[in-house]
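Student: Residue numbers (the numbering used here), protein chains in the order written: chain A, 1 to 373; chain B, 1001 to 1092.
1. Closer than 9 Å between beta carbons: that is the criterion. Which residues of the region 1022 to 1037 of chain B meet it against chain A?
2. Assuming residue 121 of chain A and residue 113 of chain A make a contact with CB atoms under 8 Å, what is their CB distance in whole Å?
3. Please name the residues in the region 1061 to 1075 of chain B whose beta-carbon is closer than 7 Å to at least one beta-carbon of chain A, in chain order.
4. Alpha carbons only, please: which of A:156, A:306 and A:62 is nearest the one belonging to residue 352 of chain A?
5. Would you call the region 294 to 313 of chain A and the region 326 to 344 of chain A in contact, with 3 or more CB pairs under 8 Å?
6. Just checking: is the beta-carbon of residue 1010 of chain B within a distance shorter than 8 Å of some beta-carbon in chain A?
7. Using a C-beta to C-beta distance shorter than 8 Å, which residues of chain B count as neighbours of residue 149 of chain A?
8. Please say whether residue 64 of chain A and residue 146 of chain A have beta carbons closer to each other than 8 Å?
9. Suppose you measure from the CA of residue 1073 of chain B to the CA of residue 1088 of chain B; what does that come to, to the nearest Å?
10. Given residue 108 of chain A, which residues of its chain have a CB within under 8 Å of its CB, disregarding the five upstream and five downstream residues?
11. Counting only the same chain and skipping the five closest in sequence on each side, list residues whose C-beta sits under 6 Å from that of residue 361 of chain A.
12. Along the chain, where does the alpha helix (DSSP H) containing residue 287 of chain A start, and where does it finish?
13. Are there three or more Cβ pairs, one per stretch, closer than 8 Å when the region 34 to 45 of chain A is compared with the region 71 to 78 of chain A?
14. Can you find a heavy atom of the ligand PLP that lies under 7 Å from the Cβ of residue 119 of chain A?
15. Looking at the C-beta of residue 171 of chain A, does it have a partner C-beta in chain B at a distance below 8 Å?
16. Between the region 17 to 27 of chain A and the region 180 to 192 of chain A, do three or more beta carbon pairs fall short of 8 Å?
17. Tell me, please, whether the CB atom of residue 210 of chain A is closer than 8 Å to any CB atom in chain B?
18. Closer than 8 Å, Cβ to Cβ, to anything on chain B: give me those residues from the region 106 to 124 of chain A, in chain order.
19. Any chance you could list the beta strand (DSSP E) runs of at least 3 consecutive residues sitting entirely within the region 170 to 233 of chain A, in chain order?
20. Near residue 275 of chain A, what residues of its chain come up, given a Cβ to Cβ distance below 8 Å and the 5 sequence neighbours on each side ignored?
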């Protein structure tokens, strides 16, 4: 049976980024500028995506605005009928550049924030002056008439300021605020001990989000992504492997999820060699964990197997050492105790951040870890 | 559950649009980081969200075109709009 067409394409235009967030979802092995796909190849990829049934294009990175051809790429995507979403840190944008993107037909901007306290935000992002710039960018995006989502990435070192984050979001003119707990892949997995919140912090945060939702009544909408280390059941990662999304890396690899390159034994086709359609429908990489045939127990006979699709394959690899295991977040996984062990280790730790960077892992001076409140 | 005044003119929120998708041969709602694939009755309602139809006008239009009791169409339309309003897809 042919898989249903994908809903979205995440185009990682580049891995270059002026920020160095220690929870970046990019792989530890970053693509260099010289290996990036050129403008005409990206245009072809967008055309192939639209023909395959992709509805939304998420222009991501790295920081997508480092690409000088971004307005041209955007115009091409709009012409192909794609809904366009720019996922940006904002720090390289100015009012004129935002006006150019709006004129090119951009539909929506997702602007990331590292914190609400400027000094802390700049420390976490590893970029001086970034936070104040982001606040200006939020204003310019709304002035340009573009729909805006603010994305706050939260973890142990900034969760105590969640109420201020929500208050800023509510006043910003954004239609949505995402409160996204760090997901522990890539750089975030390296920094897990410095980032995992305590259960008490998580419970306070969840109660604050619930209260804000009631108070704000959808203006703006608050989306809340919980850290699944504390969940009883795994998430349907990417809405199921090979079911909703595909990702194209800066160098052209076609992936079912951001972290898929961390899985051994899978060969991912490249847009230089294979079409998106052939890859989506026929490649071993997309079919390997699609649907339920690949599952072992406890997933195989589980009533939830078509809700969570076994959870996250990369998390199974990272925690259980085997991508075909149930996501160890699940209480039924024989490896579930490793999640509790990671939490214990984190609570005892004052590990410094390992900042993301192209030159490899670099330990920066230790920072004070706040007491849990 | 609050009732919606019939004179309210629903509009798609900023960054939201209804579009016909050739590949799926169906109307789709595209919104910030979300896609909705409405069924046929929902599509009939959504296609009348144009910034000029009030809820009453939407219901009147549907009553002319579909064989269903007016009070049921009215309840269905109001329920759909309320749900989409809570999700930030339409403004009322």
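C-beta: ideal position from N, C-alpha, C; glycine also.
Tutor: Reading it off the structure:
1. 1022, 1023, 1024, 1028, 1030, 1031, 1032, 1033, 1034, 1035 and 1037
2. For this step, residue 121 of chain A is matched to residue 121 along the first chain. For this step, residue 113 of chain A is matched to residue 113 along the first chain. Contact check for residue 121 of chain A and residue 113 of chain A: beta-carbon distance about 7 Å, within the 8 Å limit, so the pair qualifies.
3. none
4. Indexing the first chain from 1 puts residue 352 of chain A at position 352. It is A:156.
5. yes
6. For the purposes of this step, residue 1010 of chain B is taken as the residue at position 10 of the second chain. Not an interface residue.
7. In the first chain, counting from the first residue as 1, residue 149 of chain A sits at position 149. In chain order: 1032 and 1033.
8. What you label residue 146 of chain A is simply residue 146 of the first chain in a count that begins at 1. What you label residue 64 of chain A is simply residue 64 of the first chain in a count that begins at 1. Their beta carbons are not under 8 Å apart, which means residue 146 of chain A does not touch residue 64 of chain A by this criterion.
9. Your numbering for residue 1073 of chain B matches position 73 in the second chain. Your numbering for residue 1088 of chain B matches position 88 in the second chain. Their Cα atoms are separated by approximately 22 Å.
10. Looking up residue 108 of chain A in the first chain gives position 108. Counting only Cβ-Cβ distances below 8 Å, and skipping sequence neighbours, we find 83, 84, 85, 86, 146, 147, 148 and 149.
11. Residue 361 of chain A sits at position 361 when you count from the first residue of the first chain. Since pLDDT at residue 361 of chain A reaches only 48, below the 50 mark, its modelled position is unreliable, and the value read off the structure follows with that caveat. Counting only Cβ-Cβ distances below 6 Å, and skipping sequence neighbours, we find 354.
12. The residue given as residue 287 of chain A occupies position 287 in the first chain. Element bounds for residue 287 of chain A: 284 to 287.
13. yes
14. The ligand PLP is absent from the structure shown, which contains no ligand whatsoever.
15. The count along the first chain starts at 1 and reaches residue 171 of chain A at position 171. No, its Cβ sits nowhere closer than 8 Å to a Cβ of chain B.
16. Between the region 17 to 27 of chain A and the region 180 to 192 of chain A, the count of Cβ pairs shorter than 8 Å is three or higher; the stretches touch.
17. Taking the first chain and counting its residues from 1, one reaches residue 210 of chain A at position 210. By this cut-off, residue 210 of chain A is not an interface position.
18. 107, 108 and 110
19. 176 to 181 and 221 to 225
20. As a first step, residue 275 of chain A is located in the first chain; it is residue number 275 there, counting from the start. Taken in chain order, the residues that qualify are 48.
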